[in-house]
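> Numbered as in the working numbering, the sequence shown ends at 977 without a single skipped number.
Beta carbons are placed, not taken as given, at the ideal position from N, Cα and C, and that holds for glycine.
All values derive from a computational prediction rather than experimental measurement.
Got a structure for you, written out below as structure tokens; questions coming shortly.
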Amino acid sequence: ATFANNGWHSDTTLIVRVTDSKGNVLLDNTPKPKLVLDQWAVASLNHTLTGVINGGTGKSAHIGRQAAGKTGTTSSERDVWFVGYVPQMATAVWIGRDNNRPLGRGVTGGGYAAPIWRSFMIQALRREPARYFPRPSKFKRPRSK
Numbered sequence: 833a834t835f836a837n838n839g840w841h842s843d844t845t846l847i848v849r850v851t852d853s854k855g856n857v858l859l860d861n862t863p864k865p866k867l868v869l870d871q872w873a874v875a876s877l878n879h880t881l882t883g884v885i886n887g888g889t890g891k892s893a894h895i896g897r898q899a900a901g902k903t904g905t906t907s908s909e910r911d912v913w914f915v916g917y918v919p920q921m922a923t924a925v926w927i928g929r930d931n932n933r934p935l936g937r938g939v940t941g942g943g944y945a946a947p948i949w950r951s952f953m954i955q956a957l958r959r960e961p962a963r964y965f966p967r968p969s970k971f972k973r974p975r976s977k
């Protein structure tokens with residue numbers, strides 16, 4: 833989610849606010865985002881990871897809007913995954929067995945996990961407007977030391 837938010841991190845918050853019947857705030861847990869990663873670096877990473885979906889190993893995760901992601905497959909084909917995100921949401925799909933047995937020859941994150949991610953994201957985002965990651969050129973590139 834920090835990559836999706838271009839370097840801003842917020843702790844996971846289950847309950848944001850609690851009020852009583854009169855509207856008095858009893859608990860305010862509003863997230864307080866902190867910039868924890870260089871924004872130029874994150875924008876560059878996001879640009880690279882959109883390529884995974886647009887023409888790389890994650891092309892079966894294409895959802896018709898800008899998204900970034902990464903496939904994964906263990907060398908023993910015991911686990912495959914796809915982790916992807918849009919500016920509003922980050923989600924991951926893992927496929928594996930509880931007993932750690934191989935899934936089968938040729939099973940990949942791009943071929944199996946990415947289509948599941950795609951199906952979920954299309955439904956989850958159906959009422960959300962498309963948003964875009966900022967380009968690296970929007971930020972000052974950090975100097976080398």
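1. Between tyrosine 964 and serine 853, what straight-line distance do the alpha-carbon atoms span, to the nearest angstrom?
2. Count the C-beta pairs between the segment 946–960 and the segment 885–894 that are closer than 8 angstroms, then say yes if the count reaches three, no if not.
3. Between Ile895, Gln955, Pro863 and Asn838, which lies nearest to histidine 879 when the distance is taken from Cα to Cα?
4. Less than 9 angstroms between the beta carbons of glycine 904 and glycine 941, yes or no?
5. On the CB-based measure, 16 or more other CB atoms within 10 Å of its CB, does valine 912 come out buried or exposed?
6. Which runs of the beta strand (DSSP E) fall wholly inside the segment 865–949 and span at least 3 residues, in chain order?
7. Could you pull the DSSP bridge partners for threonine 851 from this structure?
8. As a quick exercise: from Val850, Leu858, Trp926 and Thr834, pick the residue whose alpha carbon is nearest that of aspartate 843.
9. Mark lysine 902 as exposed unless 16 or more other C-beta atoms lie within 10 angstroms of its C-beta, in which case mark it buried.
10. Quick check on this structure: which residue in Pro966, Arg975 and Pro974 has the alpha carbon closest to the alpha carbon of alanine 900?
11. Please tell me whether valine 848 and asparagine 861 are closer than 9 angstroms, where the distance is taken between their beta carbons.
12. Using CA coordinates, which residue listed in Ser876, Thr845 and Trp840 is at the minimum distance from arginine 973?
This is what the structure holds:
1. 39 angstroms
2. yes
3. The shortest C-alpha separation from histidine 879 is found at Asn838.
4. yes
5. The residue is buried, with at least 16 neighbouring Cβ atoms inside 10 Å.
6. 900–905, 911–918 and 921–928
7. Val857
8. Per the Cα distances, Thr834.
9. buried
10. Comparing Cα positions, the closest option is Pro966.
11. yes
12. Minimum Cα distance to arginine 973 is reached at Ser876.
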